[in-house]
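Trainee:
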Amino acid sequence: MKIDQLAETAEAMVAPGKGIIAIDESTGTIARRLAAVGVENSEENRRTYRELLLTTPGLNEYISGAILYDETIRQSTRAGRPFVDVMREAGILPGIKVDTGAKDLAGFPGEKVTEGLDGLRERLAAYAGMGARFAKWRAVITIGETMPTDTCIEANAHALARYAALCQEQGIVPMVEPEVLMDGDHDIETCYGVTEVTLRAVFKALYEHHVLLEGAILKASMVLPGKDCPEQVDVEDVAHATLRCLESAVPAILPGIVFLSGGQSDADATRHLDAINRIGGAPWPLSFSYGRGMQQAALQLWGQDMAGNYEKAQQTVYARARDNGLASQGRYGD
Ligand code: 5MM
Numbered sequence: 131m132k133i134d135q136l137a138e139t140a141e142a143m144v145a146p147g148k149g150i151i152a153i154d155e156s157t158g159t160i161a162r163r164l165a166a167v168g169v170e171n172s173e174e175n176r177r178t179y180r181e182l183l184l185t186t187p188g189l190n191e192y193i194s195g196a197i198l199y200d201e202t203i204r205q206s207t208r209a210g211r212p213f214v215d216v217m218r219e220a221g222i223l224p225g226i227k228v229d230t231g232a233k234d235l236a237g238f239p240g241e242k243v244t245e246g247l248d249g250l251r252e253r254l255a256a257y258a259g260m261g262a263r264f265a266k267w268r269a270v271i272t273i274g275e276t277m278p279t280d281t282c283i284e285a286n287a288h289a290l291a292r293y294a295a296l297c298q299e300q301g302i303v304p305m306v307e308p309e310v311l312m313d314g315d316h317d318i319e320t321c322y323g324v325t326e327v328t329l330r331a332v333f334k335a336l337y338e339h340h341v342l343l344e345g346a347i348l349k350a351s352m353v354l355p356g357k358d359c360p361e362q363v364d365v366e367d368v369a370h371a372t373l374r375c376l377e378s379a380v381p382a383i384l385p386g387i388v389f390l391s392g393g394q395s396d397a398d399a400t401r402h403l404d405a406i407n408r409i410g411g412a413p414w415p416l417s418f419s420y421g422r423g424m425q426q427a428a429l430q431l432w433g434q435d436m437a438g439n440y441e442k443a444q445q446t447v448y449a450r451a452r453d454n455g456l457a458s459q460g461r462y463g464d
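Offset between the sequence shown (1-based) and the numbering used here: plus 130.
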């Protein structure tokens with residue numbers, strides 16, 4: 131029974147024209163985001179902001195699921211309705227971030243390994259009881275002079291595979307996120323090579339840990355030049371490099387791939403997704419699971435006037451969902 135249920139959830143996550151909104155910032159990350167727009171990082175402000183996002187009118191036209199943080203999955207609207215119920219009613223699948231963060235990898239200065247496996251089986255069972263249908267774990271791969279090392283890639287791939295297997299045991303779809311960071315001055319070819327090696331290691335580990343790919347989703351970074359690379363490239367170059375890299379390293383049986391925005395501008399995140407889908411012929415739906423790429427414009431507005439701009443901010447969330455939903459079908463700007 132489980133594989134059918136997992137496959138059904140995974141397919142719903144990448145339903146045609148729909149993607150995911152990532153609102154799973156841990157308390158430290160949301161603190162930085164709120165500080166940037168001058169909002170106090172109180173529990174009530176975090177709750178209000180997440181309510182604004184999750185109750186955006188029409189969100190379900192383009193959003194299939196939302197990734198929540200531990201605090202958020204337990205919260206309710208101001209009127210007292212649990213967020214999970216509000217989501218279920220709108221047909222938006224509740225997801226949950228289950229890693230406990232990327233920590234320094236001992237012995238490998240500058241590299242990270244994501245933690246959170248201890249007690250994960252019990253936490254997943256509890257989240258399943260709260261209504262979570264999918265879970266996310268983010269590994270971070272940094273590009274530098276002598277990085278990433280094989281050790282860092284292997285350690286992260288191993289953790290991703292163990293997390294994914296535990297998720298499936300509990301009937302939860304794992305959203306496996308190995309993020310190759312945009313930080314640095316590396317060129318697009320370097321990003322291509324690192325992304326390819328990382329994805330191959332991740333899928334090898336998933337296979338070795340008996341993870342059923344039919345019931346899993348990949349959350350991938352696009353193949354891009356580093357932020358400080360003097361040689362930036364065209365949208366089409368990113369699209370072709372990204373698609374080719376994924377085709378070379380990701381099994382066709384996977385139900386879908388969603389991209390993270392990773393610090394790209396909103397416009398770039400949408401244009402790149404659109405261009406990837408315009409190439410066509412990929413064996414999986416290619417959609418989005420954007421955090422900043424879905425939220426930053428709305429957060430900016432809300433921060434300027436929390437009460438006065440509430441609806442305007444929601445309209446911005448809707449517009450970003452629509453643009454990215456169209457881009458997931460290669461129809462943005464038509
Ligand atoms: C929304 O941010 C997520 C949680 O970040 P922290 O663990 O640092 O609190 C993050 O995992 C996010 O889901 C992905 O990186 C995608 O977000 P972006 O902003 O890159 O699209």
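Glycine included, every Cβ here is placed at the ideal spot set by N, Cα and C.
Does A457 come out as helix, strand or coil in the three-state DSSP assignment?
Mentor: In the structure shown, A457 sits in a helix (DSSP, three-state: H, G or I).
Trainee: Using the beta-carbon count (16 or more within 10 Å), is E245 buried or exposed?
Mentor: Flag for E245 reads exposed.
Trainee: State the start and end residues of the unbroken beta strand (DSSP E) segment that holds R268.
Mentor: Here the beta strand (DSSP E) through R268 covers F264 to I271.
Trainee: Please find out if some non-hydrogen atom of the ligand 5MM comes closer than 6 Å to the beta-carbon of A289.
Mentor: It does not: the Cβ of A289 is nowhere closer than 6 Å to a heavy atom of the ligand 5MM.
Trainee: Give me the residue from L373, E173 and Q445 with the minimum Cα distance to Y514.
Mentor: Nothing can be reported for residue 514: it is not among the residues displayed for the chain, which extend from 131 to 464.
Trainee: Where do the N-terminal and C-terminal ends of the alpha helix (DSSP H) with E326 fall, by residue?
Mentor: Segment I318 to E338, the alpha helix (DSSP H) holding E326.
Trainee: Using a threshold of 6 Å, is the CB atom of D364 nearer than that to any non-hydrogen atom of the ligand 5MM?
Mentor: Because no heavy atom of the ligand 5MM lies under 6 Å away, the Cβ of D364 does not count as near it: no.
Trainee: Mapping the DSSP letters down to three states, classify F238 as helix, strand or coil.
Mentor: In the structure shown, F238 sits in coil (DSSP, three-state: anything other than H, G, I, E or B).
Trainee: Based on Cα-Cα distance, which residue from E219, T178 and I302 lies nearest to R208?
Mentor: Nearest of E219, T178 and I302 to R208, Cα basis: T178.
Trainee: Is any heavy atom of the ligand 5MM found at a distance shorter than 6 Å from the C-beta of T159?
Mentor: Correct: T159 has its Cβ closer than 6 Å to the ligand 5MM.
Trainee: Say the cut is 6 Å; is the CB of G392 nearer than that to a heavy atom of the ligand 5MM?
Mentor: Yes - the ligand 5MM has a heavy atom lying nearer than 6 Å to the Cβ of G392.
Trainee: Would you identify the three-state DSSP class for K148, choosing helix, strand or coil?
Mentor: It is coil, neither helix nor strand.
Trainee: May I have the straight-line CA-CA distance separating L250 from S156, to the nearest angstrom?
Mentor: When rounded, the distance between both Cα atoms is 17 Å.
Trainee: Measuring from the CB of E201, is there a heavy atom of the ligand 5MM at a distance below 6 Å?
Mentor: Flag unset: Cβ of E201 not near the ligand 5MM.
Trainee: Just how far apart, CA to CA, sit V167 and Y420?
Mentor: So the alpha carbons of these two residues sit roughly 19 Å apart.
Trainee: My parser needs the beta strand (DSSP E) runs of 3 or more residues fully inside the stretch 383–448; what are they?
Mentor: Listed in chain order, they are 387–389 and 416–420.
Trainee: Just tell me which of G210, L416, D317 and V306 has its CA closest to the CA of I226.
Mentor: Among G210, L416, D317 and V306, the Cα nearest to that of I226 is on V306.
Trainee: Measuring only from the beta carbon, is D154 closer than 6 Å to any heavy atom that is part of the ligand 5MM?
Mentor: Yes.
Trainee: Does A74 come out as helix, strand or coil in the three-state DSSP assignment?
Mentor: Nothing can be reported for residue 74, as the shown portion of the chain is limited to 131 through 464.
Trainee: G158 by DSSP, collapsed to three states: which one?
Mentor: Of the three classes helix, strand and coil, the one that applies to G158 here is helix, per DSSP.
Trainee: Thinking C-beta only, is S351 closer than 7 Å to E309?
Mentor: Going by C-beta atoms, E309 is nearer than 7 Å to S351.
Trainee: For the beta strand (DSSP E) containing V368, list its first residue and its last residue.
Mentor: Per DSSP, V368 belongs to no beta strand (DSSP E); it is in the alpha helix (DSSP H), V365 to A379.
Trainee: At what residues does the alpha helix (DSSP H) containing L465 begin and finish?
Mentor: Nothing can be reported for residue 465, as the shown portion of the chain is limited to 131 through 464.
Trainee: Could you spell out the range, first to last residue, of the beta strand (DSSP E) harbouring V167?
Mentor: Looking at the DSSP string, V167 is not in any beta strand (DSSP E), and its letter there is neither H nor E.
Trainee: Shorter than 6 Å, the distance from the beta carbon of G421 to the closest heavy atom of the ligand 5MM, or not?
Mentor: Yes; taking the cut-off as 6 Å, the Cβ of G421 has a heavy atom of the ligand 5MM nearer than that.
Trainee: Between M277, M312 and V327, which lies nearest to A287 when the distance is taken from Cα to Cα?
Mentor: When each option's Cα is compared against that of A287, the closest is V327.
Trainee: On the three-state DSSP scale, how would you describe E245?
Mentor: Note: E245 maps to coil in three-state DSSP.
Trainee: Suppose the cutoff is 6 Å on Cβ atoms and the five residues either side in sequence are ignored; what does the same chain contact list for W414 look like?
Mentor: Answer for W414: L384, G386 and I387, listed in chain order.
Trainee: Could you tell me which residues DSSP puts in a beta bridge with Y307?
Mentor: Strictly speaking, residue 307 in this sequence is Glu, with Tyr absent from that position. Answer by DSSP bridge pairing, in chain order: R268.
Trainee: Return the CA-CA distance between R292 and D435, expressed in angstroms with no decimal places.
Mentor: C-alpha separation (whole angstroms): 44 Å.
Trainee: Is G345 helix, strand or coil by DSSP?
Mentor: The answer is helix: DSSP assigns G345 an H, G or I state.
Trainee: In terms of alpha-carbon separation, which member of A161, F213, T281 and D404 lies closest to L429?
Mentor: Measuring from the Cα of L429, the nearest candidate turns out to be A161.
Trainee: For E141, which residues in the same chain have their Cβ closer than 8 Å to its Cβ, ignoring the five residues on either side in sequence?
Mentor: So the list reads P385 and G386, once near-sequence residues are dropped.
Trainee: At which residues does the beta strand (DSSP E) containing L198 begin and terminate?
Mentor: Taken as a continuous stretch (DSSP letters only), the beta strand (DSSP E) holding L198 covers I193 to L198.
Trainee: According to the Cβ coordinates, are V447 and L247 closer than 7 Å?
Mentor: No, the pair does not count as a contact, with Cβ atoms beyond the cut-off.
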